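With numbering that gives the first Met the number 0 applied, the sequence shown covers 0 to 313.
Note sheet for the following structure.
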Amino acid sequence: MGGTLFGRDLVAIGDLGRKGIEDVLSNASEMQSVLEKGKRVDYLKNNIMATLFFEPSTRTRLSFESAMQRLGGGVIGFADANTTSTIKGETLADTVRIVESYSDILVLRHNWAGAAREAAKYAKVPVINAGDGAGEHPTQALLDLFTIKKEAGKLSKLKVVIAGDLKYGRTSHSFAEALSLFGNEFVFVAPEELQIPDSVYKSVVKNSGNAQKSESLSKAAADADVIYMTRVQKERLPKPEDYQKFEHAFRIDEKFLKSVREDVLLMHPLPRVSEISPEVDKLKNSVYFKQAGYGVPIRMAVLDMILNGDSRDS
Numbered sequence: 000m001g002g003t004l005f006g007r008d009l010v011a012i013g014d015l016g017r018k019g020i021e022d023v024l025s026n027a028s029e030m031q032s033v034l035e036k037g038k039r040v041d042y043l044k045n046n047i048m049a050t051l052f053f054e055p056s057t058r059t060r061l062s063f064e065s066a067m068q069r070l071g072g073g074v075i076g077f078a079d080a081n082t083t084s085t086i087k088g089e090t091l092a093d094t095v096r097i098v099e100s101y102s103d104i105l106v107l108r109h110n111w112a113g114a115a116r117e118a119a120k121y122a123k124v125p126v127i128n129a130g131d132g133a134g135e136h137p138t139q140a141l142l143d144l145f146t147i148k149k150e151a152g153k154l155s156k157l158k159v160v161i162a163g164d165l166k167y168g169r170t171s172h173s174f175a176e177a178l179s180l181f182g183n184e185f186v187f188v189a190p191e192e193l194q195i196p197d198s199v200y201k202s203v204v205k206n207s208g209n210a211q212k213s214e215s216l217s218k219a220a221a222d223a224d225v226i227y228m229t230r231v232q233k234e235r236l237p238k239p240e241d242y243q244k245f246e247h248a249f250r251i252d253e254k255f256l257k258s259v260r261e262d263v264l265l266m267h268p269l270p271r272v273s274e275i276s277p278e279v280d281k282l283k284n285s286v287y288f289k290q291a292g293y294g295v296p297i298r299m300a301v302l303d304m305i306l307n308g309d310s311r312d313s
């Protein structure tokens, strides 16, 4: 199991490093085995997780709650900030101080990039970043890497195309930084206005030494091993008309897939809008729904490692 994360916050994928990522993936494999065997475990039976979701969520919130319950723990929290004292003017710091007294770990989603790091400054219990604005989404990156390892059998020597809204899409930031630690080639495909932030690009280049930018998905994806598609983040664009400009920038359908390798792994953090045609869902290499399912064993692993450390091995 390993105690890499014991008692720590998980705010950014950089908090882990390659060894930490490998430890989580290893533990997630154990958790996946538990799930597949239908076993019941009580690793976290005396723990309560609080979910503080200031932004909408389906997959992340429910998979965290499923993970905690499958580990025997309890769950409290909210999925609509309008039902909390936030609307009365309560600050994030005060919300964190209050809720930590009811729980053993906090899972926070917020529309402000940097919110999780700020919350961790005030919390006396561990904080997990479940998405902070256009910042990061570390547990999504972990389940993305888990998907590639399961479906492609390796995490290195891959050509990875990351496409869509890369400026505001926090999943692409964490995913690229995490996978760059394993020695891969990257092509970031986006309109110039939505390209990957310079800070992320420079980090990927530093780690992998092999990255480039493009505005042509068909050209970049022709010999790709992995295509990681993302939606345009309508809710984060500065002007409503920007969405109309970019919403159809890229689209993957059966016609498009005739120009790429038959075994290319097609991924998406979801939700999708129009960037992947439903007709593609039936293909064996379309793994985005399976990808979402891997969120449970990954989040089981993270919760277990933060709250248990090596205690189950002793």
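Every residue gets a Cβ at the ideal spot worked out from N, C-alpha and C, and that includes glycine.
None of the values given here were measured: they were computed from a predicted structure.
Q211 sits in a strand when the DSSP states are folded into three classes.
Looking at V10, L43, V33 and M228, the one whose alpha-carbon comes closest to that of Y293 is V33.
A residue is called buried once 16 or more other Cβ atoms fall within 10 Å of its Cβ, and L264 is buried on that count.
Per DSSP, reduced to three states, the secondary structure at H247 is coil, with no helix or strand assignment. The three-state reading of DSSP puts K87 in helix, counting H, G and I together. Between A80 and Y121, the C-beta gap is not smaller than 7 Å, which leaves the two residues out of contact. By the Cβ-count criterion, V259 is buried, with 16 or more other Cβ atoms from all chains shown falling within 10 Å of its own Cβ. Separation of D262 and F174 (C-alpha to C-alpha, rounded to the nearest whole angstrom) is 21 Å. By the 16-neighbour rule on beta-carbons within 10 angstroms, I97 is exposed.
With a cutoff of 7 Å on beta-carbon distance, D164 and L144 are scored as not near each other. The Cβ atoms of A66 and V295 sit closer than 7 Å to each other. Within its own chain, the residues whose Cβ lies closer than 6 Å to the Cβ of H172, once the five positions on either side in sequence are excluded, are E135 and V199, listed in chain order. DSSP assignment within the segment 94 to 143 yields the following whole beta strand (DSSP E) runs of 3 residues or more, N-terminal first: 104 to 109 and 126 to 131.
If you draw a straight line from the Cα of N46 to the Cα of A112, it comes to about 28 Å. Its Cα nearest to that of E253, the residue E278 stands out among S273, K233, L269 and E278.
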